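Just so we're aligned: the sequence shown equals residues 0 to 645 in numbering that gives the first Met the number 0.
Every residue gets a Cβ at the ideal spot worked out from N, C-alpha and C, and that includes glycine.
It should be emphasised that the depicted structure is a prediction, and the values quoted were computed from it without experimental measurement.
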Amino acid sequence: MKNLIKYIWACSLILTVFIANATHIVGGDITYEYVSENTYRINLFLYVDCINGTTGAINSDKEANIAYFNAETNEFISNDALDVITQLNVEEVNYKCLKVEPNACVQQFKFSYIKIINPRDHGIIIAFQRCCRNRTISNIQNPENTGATFFVKLPPKNIVKVNSSAVFEKLPPNFLCTNAPLVFDHKAFDKDGDSLVYSLILPYIGATADEPRPIPASKPPYANILMKGQYGVRNMMNGTVLLQINSLTGELRVTPSEAGQFVVAVKVEEYRNGVKIAEGFRDYQLNVIDCDFDVIANFSAPDKTCDWSVSFENLSVGSALHYRWDFGDYNSTDDQATTKNAKWEYSSVGKYRVRLIVFNDGCRDSFFKDLNILPSNYIYAKFDAMQKEGCDTLRVILNNQSDSASNFRWDMGDGVVIPINENIEEYLYTKPGRYTISLNLHDTNTCNITDDSSIVVEVFPSKHIDAGFKVNYKKGCSSNGIVNIEGRNTASSYTWDLGDGTVWKDEFKSFYKYKIAGEYTIRLETSDTGKCIFNDSFEMNLFLDNVIAAEKGIQLYNVFSPDGDAFNSCFRLDAERTQCLDVDYKIFNRWGELVFESHSLYDCWDGTNNRSGNALPAGEYFGVYLFKVKGTAKKIKLSNVITLIR
Numbered sequence: 000m001k002n003l004i005k006y007i008w009a010c011s012l013i014l015t016v017f018i019a020n021a022t023h024i025v026g027g028d029i030t031y032e033y034v035s036e037n038t039y040r041i042n043l044f045l046y047v048d049c050i051n052g053t054t055g056a057i058n059s060d061k062e063a064n065i066a067y068f069n070a071e072t073n074e075f076i077s078n079d080a081l082d083v084i085t086q087l088n089v090e091e092v093n094y095k096c097l098k099v100e101p102n103a104c105v106q107q108f109k110f111s112y113i114k115i116i117n118p119r120d121h122g123i124i125i126a127f128q129r130c131c132r133n134r135t136i137s138n139i140q141n142p143e144n145t146g147a148t149f150f151v152k153l154p155p156k157n158i159v160k161v162n163s164s165a166v167f168e169k170l171p172p173n174f175l176c177t178n179a180p181l182v183f184d185h186k187a188f189d190k191d192g193d194s195l196v197y198s199l200i201l202p203y204i205g206a207t208a209d210e211p212r213p214i215p216a217s218k219p220p221y222a223n224i225l226m227k228g229q230y231g232v233r234n235m236m237n238g239t240v241l242l243q244i245n246s247l248t249g250e251l252r253v254t255p256s257e258a259g260q261f262v263v264a265v266k267v268e269e270y271r272n273g274v275k276i277a278e279g280f281r282d283y284q285l286n287v288i289d290c291d292f293d294v295i296a297n298f299s300a301p302d303k304t305c306d307w308s309v310s311f312e313n314l315s316v317g318s319a320l321h322y323r324w325d326f327g328d329y330n331s332t333d334d335q336a337t338t339k340n341a342k343w344e345y346s347s348v349g350k351y352r353v354r355l356i357v358f359n360d361g362c363r364d365s366f367f368k369d370l371n372i373l374p375s376n377y378i379y380a381k382f383d384a385m386q387k388e389g390c391d392t393l394r395v396i397l398n399n400q401s402d403s404a405s406n407f408r409w410d411m412g413d414g415v416v417i418p419i420n421e422n423i424e425e426y427l428y429t430k431p432g433r434y435t436i437s438l439n440l441h442d443t444n445t446c447n448i449t450d451d452s453s454i455v456v457e458v459f460p461s462k463h464i465d466a467g468f469k470v471n472y473k474k475g476c477s478s479n480g481i482v483n484i485e486g487r488n489t490a491s492s493y494t495w496d497l498g499d500g501t502v503w504k505d506e507f508k509s510f511y512k513y514k515i516a517g518e519y520t521i522r523l524e525t526s527d528t529g530k531c532i533f534n535d536s537f538e539m540n541l542f543l544d545n546v547i548a549a550e551k552g553i554q555l556y557n558v559f560s561p562d563g564d565a566f567n568s569c570f571r572l573d574a575e576r577t578q579c580l581d582v583d584y585k586i587f588n589r590w591g592e593l594v595f596e597s598h599s600l601y602d603c604w605d606g607t608n609n610r611s612g613n614a615l616p617a618g619e620y621f622g623v624y625l626f627k628v629k630g631t632a633k634k635i636k637l638s639n640v641i642t643l644i645r
């Protein structure tokens, strides 16, 4: 009995591990929606294979853990566990005229919640990891032990303060059919109205068979999946028309030539005012199967041609077929045909949409393709740069808007020529100079023509202006109000403010004399203009003592009333204004008799005769003063009339 219990326990453990590791992951993506300041709705969409995946493994994916990381340091911030809120089947059939709908089953699990998090100036990486992918995948190495990482970056606030990520509008295709063209609208919706650019990329790996549900997800950066030899971004799956996406519209096209399961990823980049602010991606497994059709509409024609007479080869499949061509020639009302293969002579250059409708008694299918008729002397080379000027160094981000050509070459203008057909998105200039970047296109696939485009960028040397200076002046009672200025200003345009209302504009004097004592701030501010000039400002405080303009600063009072009321009852000198002066002064009556004499700033005449001590009558008296500036030979002689009131 004990052995039986051990056996059952071991089997259950093995089953649990198998369920956790069961291969069933089809794809996924993460989006975010701005709600308010530092508040976002986070959405995780997870796609699972409900045919090859076990019920236990699929049920285990009804809980997801989403991790948050500092996008600058990659340090872990937090992890949230979520339960699935909606579960639906990917059921839309993207083909017409199927005899029997294939047995394909993909389910979408949606997780969504409100998250309060501050991206600050470093941004946030939001990530989810799960293993493993379907063991039957055709285009990647070791699929049964390869997991997936779905992530998105919440941009830093110094890049953009308010943003919601682009959201793919449609569920991905449920299945694809061999040898049948698929045109799928894979565009996204952007709530903020940003411009969107689409491209195919390699998906990302994450988690392992040993740790299929890491909590939290591992730290970024994340590595791309390893593709098998013949596969890559330019050939995600074999086909007569390889998988491709229109970078502006998000239209996905492919005509697969072999059955299998193929992992792909579509990236959508967001641009605001010409500047890239964010990106996201959808990782997905395309299931390609052999389908049985009544009718398949398909034809081949060049995407571009310099020959205005174009032949169309009908590749449609079916029995007892009828055909209806519409060549999209807006210069003609008779641009139609009903033959199997067709040919049309266009009357002018331009872009035309050609449509073929194929039908029999039981079914009808249609297929369209865009055709560009080029003039024999035309190919369009055009590019621009986000930033064309820099200081000391310049990192140029190139935005190539040229037509595709069989051969192209970049010349960076500094002696570096990029090898032929090697694209470049950014380039760093490390020395000041003026550089002409040029792009040469040579198209041998259509009209065997060339075109050139160029722009000029310039790197300026930085000039940092130093507005420093120092002042020297005499302090205390030896002060004369003269300030000597020593400056190291290198600017050609500048302003001195001496703090007393005096301003020097674009001129410099080595000294300045203040007329009144007090506290002053001298400020120098540079204002040179030009590229990469960094102006400066500097200020210095100084205090000048009362000896400045001593004669003007002396205050002689001329009336007092010694009546004992404590208000103006004594005649004295202004000691504060004359603290840097020695004084001798005498006061006489109208007959020239000396009535008061002092040698101190602080003595006070109370209206008595300082010889007899008798109170003097009201009337006018005469003061004579001799001031001497301390520490100098300068003397100041003054006199005034003093009125004594009783």
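Please report how far the alpha carbon of E32 lies from the alpha carbon of D442, in whole angstroms.
43 Å
Can you give the beta carbon distance from N608 to L600, rounded, assuming they're within the 8 Å contact cut?
Their Cβ separation, rounded to whole angstroms, is 22 Å, which puts N608 and L600 out of contact at 8 Å.
Check A404 in the structure and name its three-state DSSP category.
coil
For V92, list the residues DSSP reports as bridge partners.
V92 is not bridged to any residue.
Collapsed DSSP secondary structure at N141 in the structure displayed:
coil
Is the distance from the Cβ of H185 to the Cβ of P171 below 9 Å?
yes
Given this structure, state the Cα-to-Cα distance separating A103 from P219, to the nearest angstrom.
34 Å
Check for me: the alpha helix (DSSP H) holding I57 runs from which residue to which?
T54 to S59
At the level of alpha carbons, what is the spacing between K469 and A632?
30 Å
Counting only the same chain and skipping the five closest in sequence on each side, list residues whose C-beta sits under 6 Å from that of G238.
V253, T254, P255 and S256
Roughly how many whole angstroms lie between the Cα atoms of A380 and G389?
25 Å
Inter-residue spacing [alpha-carbon to alpha-carbon] between L397 and V294
46 Å
Compare the Cα-Cα distances from D647 to each of Q554, R40, S315 and T135 and report the closest residue.
Look at the range of the chain in this structure, 0 to 645, and you will see that residue 647 is not part of it.
Please report how far the alpha carbon of A222 lies from the alpha carbon of A206, in whole angstroms.
11 Å
Out of curiosity, what's the CA-to-CA distance linking F326 and S375?
21 Å
Can the beta-carbon of V649 be found closer than 9 Å to that of T642?
Absent from the structure is residue 649, since the part of the chain shown begins at 0 and ends at 645.
Do you know whose CA, among L43, A165 and V99, lies nearest K114's CA?
L43
CA-CA distance, K629 and H598?
14 Å
Shorter than 8 Å, the distance from the beta carbon of T631 to the closest heavy atom of the ligand ATP, or not?
This structure does not include the ligand ATP; it has no bound ligands of any sort.
Buried or exposed for V25, going by 16 or more other Cβ atoms inside 10 Å?
buried
What separation, rounded to the nearest whole angstrom, lies between the Cα atoms of L593 and N613?
13 Å
Count the other C-beta atoms from every protein chain shown that fall within 10 angstroms of the C-beta of D564, then say buried if there are 16 or more, exposed otherwise.
exposed
Spell out the partners DSSP gives C176 in its beta bridges.
I288
How would you label E152, buried or exposed, when you count the other beta carbons within 10 angstroms and need 16 or more for buried?
A small correction: the amino acid at residue 152 is Lys; Glu does not occupy that position in the sequence shown. Its Cβ being crowded by 16 or more others within 10 Å, K152 is buried.
3-residue-minimum beta strand (DSSP E) runs that sit fully inside the stretch 349–424, ordered along the chain
349–358, 363–372, 382–384, 388–390, 393–399 and 406–410
In the DSSP assignment, what residue or residues form a beta bridge with Q554?
Q554 pairs with nothing; no bridge assigned.
Beta-carbon separation (whole angstroms), T647 vs L195, contact threshold 8 Å
Absent from the model: residue 647. The displayed extent of the chain is 0 to 645, so no value can be given.
Residues sharing a beta bridge with F626, DSSP:
V582 and I635
Alpha carbons only, please: which of S509, G412, D505 and N588 is nearest the one belonging to S526?
D505
Ignore the nearest five residues each way along the sequence and tell me which others in K636's own chain have a CB closer than 6 Å to its CB.
L625
What is the DSSP secondary structure of N117, counted as helix, strand or coil?
coil
Once the 5 residues before and after G349 are set aside, which same chain residues still bring their CB inside 7 Å of it?
I372
Considering only DSSP beta bridges, list what K109 is partnered with.
F44 and T85
Which residue comes first and which comes last in the beta strand (DSSP E) that contains Y345?
Unbroken run through Y345: none, as it is neither H nor E.
Paired residues, beta bridge with R233 - DSSP:
DSSP, once it has assigned bridges, lists no residue as partnering R233.
Complete runs of the beta strand (DSSP E) confined to the stretch 450–537 [at least 3 residues]
468–472, 481–486, 493–496, 502–504, 510–512 and 517–525
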